[in-house]
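Below is one structure; the comments refer to it alone.
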Amino acid sequence: MRFLLDVCAASRGLHQHLVNNGHDVYSAAESAPRASDRELLDLAVAQDRVLITEDKDFGELVFVWRLAHPCIVRFADLPIRDRSSAIDDLLQHHAAELIPGHIIVVSRRRVRIRRGSQTD
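Going by the numbering used here, the sequence shown opens with residue 114, and the numbers climb by one from there.
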């Protein structure tokens, strides 16, 4: 699977974990640390990547500005140490939901999936 790690969600551990499991990972922290949320969203769409972030601001781009978007996985109050296992669980139990237009919020206690078209 192809992932784009936003600066706020990126950690060497998560990046390496994804790479070690055969995923194609673009790290904004390493490649585009000053990119705007809009630029990252556009990049994820253009490269067909799942965007992983902590940032709620992507919601404004999606819901207010109604921009096309990839699947967005947002960590909500999830410690860095738990993110690799959370992604593993997501891939194991919800891989079919990792499609453009869906927003998935992963917290300590649950996974919330908002299904929708890219212009919902």
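By construction, the Cβ of each residue, glycine as well, lies at the ideal position given by its N, Cα and C atoms. Small disclaimer: the values here were computed from a predicted structure and weren't measured.
Fill in: Between the CA atoms of Asp-161 and Cys-184 - distance to the nearest angstrom
Cys-184 and Asp-161 have their C-alpha atoms spaced approximately 9 angstroms apart.
Discussion item. What does the Cβ neighbour count give for Arg-225, buried or exposed, with the cut at 16 atoms within 10 Å?
Written reply: Burial call: exposed.
Worksheet item: Are the Cβ atoms of Leu-131 and Ile-200 separated by less than 8 angstroms?
Response: In this structure, Leu-131 lies near Ile-200, with their beta-carbon atoms less than 8 angstroms apart.
Discussion item. Whether or not the segment 191-205 and the segment 143-151 are in contact is what I'm after, with contact meaning three or more pairs of Cβ atoms, one per stretch, closer than 8 angstroms; do they touch?
Written reply: Touching, no, given that fewer than three Cβ pairs across the two stretches are closer than 8 angstroms.
Practice prompt. For my contact list, Ser-122 and Ile-165 are in at a C-beta cut-off of 8 angstroms; report their separation, rounded to the angstrom.
Written response: Checking the sequence, you will find Ala at residue 122 rather than Ser. Right, the Cβ-Cβ distance comes to about 5 angstroms (below 8 angstroms), so this counts as a contact.
Practice prompt. Using three-state DSSP, classify Leu-117 as helix, strand or coil.
Written response: DSSP places Leu-117 in the strand class (E or B) of the three-state scheme.
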